[in-house]
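Contents: one structure, followed by commentary.
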Amino acid sequence: MRQALPVLALALLLALVACVSLPQTPKQTVAASYVTIESLAETTAIAYRDGHIDGETREEIRIALQESLGHLVEAESLLVAGNDAESQIARARVILEAVQSILQKQVPNE
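Counting in our numbering, the sequence shown runs from 98 upward without gaps.
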């Protein structure tokens with residue numbers, strides 16, 4: 098379990114970097130958000146495997162990540178059509194920040 102903690106910390110750091118570094122265009126923000134989803138999903142799997150979160154929390158995070166993904170897919174469709182996607186992007190980012198907060202509270206920093 099000690100070896101998994103550095104990996105978990107790295108995954109959380111990657112999620113934080115992707116979430117915090119704000120790209121300049123909506124397309125860049127969508128792309129960074131996809132990376133954040135992947136990082137948070139990996140972090141969730143590691144946290145569950147190592148006993149830092151329970152099955153219920155893992156399921157709540159999975160549902161939240163799917164919801165965020167849905168907003169990003171909608172945002173991409175809007176952007177391709179030449180429409181504004183800021184509200185969809187913002188919704189996705191709020192969900193990702195909430196998931197990140199849950200994981201940061203549950204995973205020890207060693």
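The beta-carbon is built from N, C-alpha and C at its ideal position, and this holds for glycine as well.
Per DSSP, reduced to three states, the secondary structure at residue 178 is coil, with no helix or strand assignment. A straight-line Cα-Cα distance of about 14 Å links residue 132 and residue 167. In this structure, the beta-carbon distance from residue 144 to residue 203 falls below 8 Å. The C-alpha of residue 139 lies about 12 Å from the C-alpha of residue 197. Between residue 146 and residue 155, the alpha-carbon positions lie close to 10 Å from each other. With 16 or more other CB atoms across the displayed protein chains lying within 10 angstroms of its CB, residue 185 is buried. Excluding residues up to 5 positions away in sequence, nothing lies with its Cβ nearer than 6 Å to the Cβ of residue 153 in the same chain.
CA-to-CA, the gap between residue 151 and residue 136 works out to about 19 Å. Leaving aside the five residues that flank residue 124 on each side, the residues in its chain whose CB is nearer than 7 Å to its CB run, in chain order, 176.
Only exposed fits residue 122, as fewer than 16 other CB atoms lie within 10 angstroms of its CB. Distance between residue 172 and residue 127, taken at the CA atoms: about 8 Å.
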